[in-house]
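Asker: Residue numbers (my numbering), protein chains in the order written: chain U, 47 to 617; chain Z, 266 to 619. Built from N, CA and C at the ideal position, the CB exists for glycine as well.
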């Protein structure tokens, strides 16, 4: 036993453990830390000297100030609306006698899998003030020149973003409601407390930490969200922080002034993200009541009685509007002969899809995305496994640094990573990857490292130390016990990490849009650019392919994760 | 008014499984009554139906003259209107309220003056030895203290009936024993009817005036603990309550022998076998390990194969033919050693069909 500890601990000065630790830290520093530091350095210095006055000047500029304000307005709107919808639907699904609940639970999470910028394109098609199909129909029927709803507006952006971000609250709160011990509510009922009072005084206070945690996640994502404001806001000169960074850098061809404005805005994003994550940690810590049920019992369900079917209808209408309608719109528009024609069979064609499949630009975008996401997923999965192993299993000093660096990308929005990567890999340190696929590759690794570490750490924590110790005590070397005991047990976690990276990387837009060059478009960039150029039909045709790939991938990952839950846990 | 609880033909199904099968029962006011049985026997379901958390598939339930549940009339009095108190296995104290608020909250909801709420809360806390902990939060307290909060909350309501669902099984053994006596004392002091569910027979015996033994949704026996222990209604009750030996026996020439061990002696020397349970000359004999007497003239011979010192008791395993018999004597009876031959007599034998 004592020999085991000696071999694992820091007995030997240059043991394998220290080398692995040093290498993992080096990888994280180069890939994650340097880009973030470069942003902070460039934001606060001019010609190598600290310069705060300049930062204030940049924030005072009308368009930067407006972008800050717009980001805040959207984030507040989306967080408020998304939290309301998330709590409402999770309560309906978890605590009422609504029919088809398990199906609905699944459908409510679907928007999470769909890229929001594709949804925004669909809503542009349906509700743009003049050409939008629904608006046109409305104006024809009521013989008016006023549209039903103008999607090119703050309200439009908030509503569309909410559709894609509300699952954060929905998932957190449903999980809390399901895990909550039903006897906490039953004991109030048997004591004579009316149902409404139980909801206000018992249920809601107990799930409040989950509500707030979910709401903060919505705020975090909405504040730094690129896709929806880029598609719906740019038309009316409405910019938030990420879209302004994109515009500045794109229109000036990467000039120093624009990059500097970008770094200042990026710094604000980093700071607000750090604040949000800190708040979330506080909330989760203060709210750690043990409300988990002792034995599995069915929670008491609220009888909806006469309002049951109206509420069911409302849920299906919501799902229809947020999932089915946009998806169908994208596929139908992708099959139109010309944009703007009515959806009639005589106007439909498969030509666009054939064109997309043969066009060099789109073929290149698809192959770039596939190679980039497969490569990034593979590399990030492996690196994440090693880093997680150090964090979870090794007893070495200094691993807290790894933990910090590993979760850092969670608080760094995609736009910021792109900017940091530009600053780091444009020849400043002797390596120039600008306009190559490699710069996107490096950015993806930085962006998704946290996913990999999270998934792998969870899997590794399931493997109890004693399993490895048992192997060692039977005479296996450290390497053998890792290869034959640990790796087979965490394989499902690694596979899950691979797909958790592959799927978002396939539909990535925010980071790639700042990094792409003439030959290095990704699927997301190609769809976005086609839409910008007014090639709505082709954009939708390509988006159809993207949706098919994503749905297929989600089905695969669901299979794998459910197999993982049924597999060995070793705990 | 006498608030007897009456269950008439109560039946509950979960899909194909009959959780409770035509249960008829009357529990007297002021009685401490327990439901005992292995897990899944339907005891918790019965309690939850009484509380109003589960509907009935068949039958009716009354408290005094008041109908509380009826499958025929499709009538269910809401749990909050039944005037019961309930204590749950997992305590179910509200983690976001302190001890005082936990007890006072259900009172505040009713139309009771503030002084009355305060008085009743303090009284309930004093009765459950929680005075001084008013400002503490449940998370800071031990399991035993948390369960006392739940108990205080229930009795502060002056309920007609107190329902306890495995209230002691989440406590450590020491706490469990002291809480057992506390509940009994409280019940005597308040005179409240207590219905309580447990799978722990010693808990049921210690607390109840009468108890019901249940298995697979069917009532096995309803009686006082003493009667159930000494006169079990059937083989299941005998084996479920207390320690038991079951030995297969055969009858030949009017005498009963342990299966395959005619040489060990005849059992019915001095005791009469119940001949009705013998099928083709075969039956089971049952007895408690503590009802075995080591005596030189005992009818049955055996050999000690294991002796375990348990402190208060000595536990023997005796081989008779191919069969093992467990015997427990108090610690003074320590003379027999492993490998010794012995003869045994029996204070009480019960006869069952094979």
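#1: Taking DSSP as the reference, what is the three-state secondary structure of residue 579 of chain U?
#2: Residue range of the alpha helix (DSSP H) that residue 102 of chain U falls in?
#3: Give a yes or no on whether the C-beta atoms belonging to residue 162 of chain U and residue 207 of chain U are separated by under 9 Å.
#4: Starting from residue 297 of chain Z, follow its DSSP beta bridges and name the residues at the other end.
#5: So, for residue 375 of chain U: in the same chain, excluding its five sequence neighbours on each side, which residues have a beta-carbon less than 7 Å away from its beta-carbon?
#6: Quick check on the burial criterion: 16 or more other C-beta atoms within 10 angstroms. Buried or exposed for residue 496 of chain Z?
#7: Tell me the residue span of the beta strand (DSSP E) that contains residue 584 of chain Z.
#8: Using 9 Å as the threshold, is the C-beta distance between residue 554 of chain U and residue 570 of chain U below it?
#9: Leaving out the 5 sequence neighbours to the left and right, which residues in its chain are closer than 7 Å to residue 141 of chain U when beta-carbon positions are compared?
#10: Mapping the DSSP letters down to three states, classify residue 342 of chain U as helix, strand or coil.
#11: Under 8 Å by Cβ, that's how I've got residue 557 of chain U and residue 463 of chain U pegged, so tell me the actual separation to the nearest angstrom.
#12: Tell me, which residues are paired with residue 623 of chain U by DSSP?
#13: What are the residues in the stretch 220-239 of chain U lying within 8 Å of chain Z by C-beta distance?
#14: Tell me the DSSP bridge mates of residue 291 of chain Z?
#15: Are the CB atoms of residue 274 of chain U and residue 203 of chain U within a distance shorter than 9 Å?
#16: Using only CA atoms, which one of U:468, U:602, U:129 lies nearest to residue 306 of chain U?
#17: Find the nearest neighbour of residue 274 of chain Z within the set Z:282, Z:268, Z:280, Z:286, judged by alpha-carbon distance.
#18: Can you tell me whether residue 430 of chain Z is helix, strand or coil according to DSSP?
#19: Could you tell me the distance, in whole angstroms, from the CA atom of residue 493 of chain Z to the CA atom of residue 487 of chain Z?
#20: Within 8 Å, do at least three Cβ pairs link the stretch 510-524 of chain U to the stretch 481-492 of chain U?
#21: Are the beta-carbon atoms of residue 460 of chain Z and residue 484 of chain Z separated by less than 9 Å?
#22: Should residue 142 of chain U be flagged as near chain Z, meaning a C-beta pair shorter than 9 Å?
#23: Determine the burial state of residue 294 of chain U: buried for a count of at least 16 other Cβ atoms within 10 Å of its Cβ, exposed for fewer.
#24: Just verifying my parser: in three-state terms, what is the DSSP assignment at residue 212 of chain U?
#25: Give me the chain Z residues within the contact set of residue 248 of chain U, using Cβ-Cβ distance strictly less than 7 Å, ordered along the chain.
#26: Taking C-beta to C-beta, are residue 433 of chain Z and residue 463 of chain Z nearer than 9 Å?
#27: Check whether the Cβ atoms of residue 398 of chain U and residue 380 of chain U lie closer than 9 Å to each other.
#28: Kindly give me the distance between the Cβ atoms of residue 491 of chain Z and residue 588 of chain Z, rounded to whole angstroms, as I take these residues to be in contact under 8 Å.
#29: One question on the structure: do residue 455 of chain U and residue 73 of chain U come within less than 9 Å of each other, judged by their Cβ atoms?
#30: Check whether the Cβ of residue 243 of chain U lies closer than 9 Å to any Cβ atom in chain Z.
#31: Between U:90, U:358, U:151, U:329, which lies nearest to residue 103 of chain U when the distance is taken from Cα to Cα?
#32: Contact check, residue 593 of chain Z vs residue 580 of chain Z under 8 Å by CB: the rounded distance?
#33: Spell out whether any CB of chain U is found under 9 Å from the CB atom of residue 410 of chain Z.
#34: Looking only at its own chain, which residues have a Cβ that is under 6 Å from the Cβ of residue 283 of chain Z, when we skip the five neighbours before and after it?
#35: Would residue 596 of chain Z and residue 590 of chain Z be called neighbours here (beta carbons separated by less than 9 Å)?
#36: Provide the residue(s) that pair with residue 610 of chain Z in DSSP beta bridges, ordered along the chain.
Answerer: In short:
#1: Locating residue 579 of chain U in the first chain gives position 533, counting from the first residue. In this structure, residue 579 of chain U counts as coil in the three-state DSSP scheme.
#2: Within the first chain, residue 102 of chain U is the residue found at index 56, counting from 1. Segment 98-106, the alpha helix (DSSP H) holding residue 102 of chain U.
#3: Start at 1 with the first residue of the first chain, and residue 162 of chain U comes out as number 116. Start at 1 with the first residue of the first chain, and residue 207 of chain U comes out as number 161. Cβ atoms of residue 162 of chain U and residue 207 of chain U: closer than 9 Å.
#4: Here residue 297 of chain Z corresponds to residue number 32 of the second chain, with the count starting at 1. BP columns for residue 297 of chain Z point to Z:459.
#5: Locating residue 375 of chain U in the first chain gives position 329, where the first residue counts as 1. Excluding sequence neighbours, residue 375 of chain U sits near 168, 171, 172.
#6: Your numbering for residue 496 of chain Z matches position 231 in the second chain. Residue 496 of chain Z is exposed by the Cβ-count criterion.
#7: As a position in the second chain, residue 584 of chain Z is number 319, starting the count at 1. Run containing residue 584 of chain Z: 578-585, per the beta strand (DSSP E) assignment.
#8: Taking the first chain and counting its residues from 1, the one referred to as residue 554 of chain U is at position 508. Taking the first chain and counting its residues from 1, the one referred to as residue 570 of chain U is at position 524. Contact flag set, yes.
#9: Counting from one through the first chain, the residue named residue 141 of chain U turns up at place 95. Excluding sequence neighbours, residue 141 of chain U sits near 223, 345, 347, 348.
#10: Within the first chain, the letter at position 296 stands for residue 342 of chain U. Confidence at residue 342 of chain U is low in this model, with a pLDDT of 48, below 50, so the placement of that residue should be treated as unreliable; the coordinate-derived value is given next. The answer is coil: DSSP assigns residue 342 of chain U none of H, G, I, E or B.
#11: Indexing the first chain from 1 puts residue 557 of chain U at position 511. Indexing the first chain from 1 puts residue 463 of chain U at position 417. That belief holds up - the Cβ atoms of residue 557 of chain U and residue 463 of chain U are roughly 6 Å apart, short of 8 Å.
#12: What is shown of chain U runs 47 to 617, which leaves residue 623 of chain U out entirely.
#13: 227, 229, 230, 232, 233, 234, 235, 236, 237, 238, 239
#14: In the second chain, the residue the question calls residue 291 of chain Z occupies position 26. Paired residues: Z:271.
#15: Within the first chain, numbered from 1, the residue matching residue 203 of chain U stands at position 157. Within the first chain, numbered from 1, the residue matching residue 274 of chain U stands at position 228. Contact: yes.
#16: Position 260 of the first chain, counted from the start, is the residue given in the question as residue 306 of chain U. If we check each option's Cα against that of residue 306 of chain U, U:468 comes out closest.
#17: As a first step, residue 274 of chain Z is located in the second chain; it is residue number 9 there, counting from the start. With distances taken between Cα atoms, residue 274 of chain Z lies closest to Z:286.
#18: Position 165 of the second chain, counted from the start, is the residue given in the question as residue 430 of chain Z. DSSP places residue 430 of chain Z in strand when its eight states are reduced to three.
#19: Taking the first residue of the second chain as 1, we reach residue 493 of chain Z at position 228. Taking the first residue of the second chain as 1, we reach residue 487 of chain Z at position 222. C-alpha separation (whole angstroms): 8 Å.
#20: no
#21: By 1-based counting over the second chain, the position of residue 460 of chain Z is 195. By 1-based counting over the second chain, the position of residue 484 of chain Z is 219. Not a contact, by the Cβ cut-off of 9 Å.
#22: The sequence position of residue 142 of chain U within the first chain is 96, counting from 1. So no, residue 142 of chain U is outside the interface.
#23: Counted from its first residue, the first chain places residue 294 of chain U at position 248. By the 10 Å Cβ count, residue 294 of chain U comes out buried.
#24: In the first chain, residue 212 of chain U corresponds to position 166, counting from 1. Residue state, collapsed to three classes: coil.
#25: Residue 248 of chain U sits at position 202 when you count from the first residue of the first chain. Neighbours of residue 248 of chain U on chain Z, chain order: 359.
#26: Residue mapping note: residue 433 of chain Z aligns to position 168 of the second chain, counting from 1. Residue mapping note: residue 463 of chain Z aligns to position 198 of the second chain, counting from 1. Yes.
#27: Here residue 398 of chain U refers to the residue found at position 352 when the first chain is read from its first residue. Here residue 380 of chain U refers to the residue found at position 334 when the first chain is read from its first residue. A contact, by the Cβ cut-off of 9 Å.
#28: In the second chain, residue 491 of chain Z corresponds to position 226, counting from 1. In the second chain, residue 588 of chain Z corresponds to position 323, counting from 1. That belief does not hold up - the Cβ atoms of residue 491 of chain Z and residue 588 of chain Z are roughly 29 Å apart, past 8 Å.
#29: In the first chain, residue 455 of chain U corresponds to position 409, counting from 1. In the first chain, residue 73 of chain U corresponds to position 27, counting from 1. In this structure, residue 73 of chain U does not lie closer than 9 Å to residue 455 of chain U by Cβ.
#30: Working through the first chain from its first residue, we reach residue 243 of chain U at position 197. By this cut-off, residue 243 of chain U is an interface position.
#31: Against the first chain, residue 103 of chain U aligns to sequence position 57. For residue 103 of chain U, the nearest C-alpha among the options comes from U:90.
#32: By one-based count along the second chain, residue 593 of chain Z stands at place 328. By one-based count along the second chain, residue 580 of chain Z stands at place 315. 5 Å between Cβ atoms; contact.
#33: Looking up residue 410 of chain Z in the second chain gives position 145. No, its Cβ sits nowhere closer than 9 Å to a Cβ of chain U.
#34: Reading the second chain from its first residue, position 18 is the one you call residue 283 of chain Z. Once the five neighbours on either side are set aside, the close Cβ partners of residue 283 of chain Z are 482.
#35: What you label residue 596 of chain Z is simply residue 331 of the second chain in a count that begins at 1. What you label residue 590 of chain Z is simply residue 325 of the second chain in a count that begins at 1. Result no, Cβ atoms of residue 596 of chain Z and residue 590 of chain Z do not sit closer than 9 Å.
#36: The residue labelled residue 610 of chain Z in the question sits at position 345 within the second chain. Note: residue 610 of chain Z sits in a beta bridge opposite Z:558.
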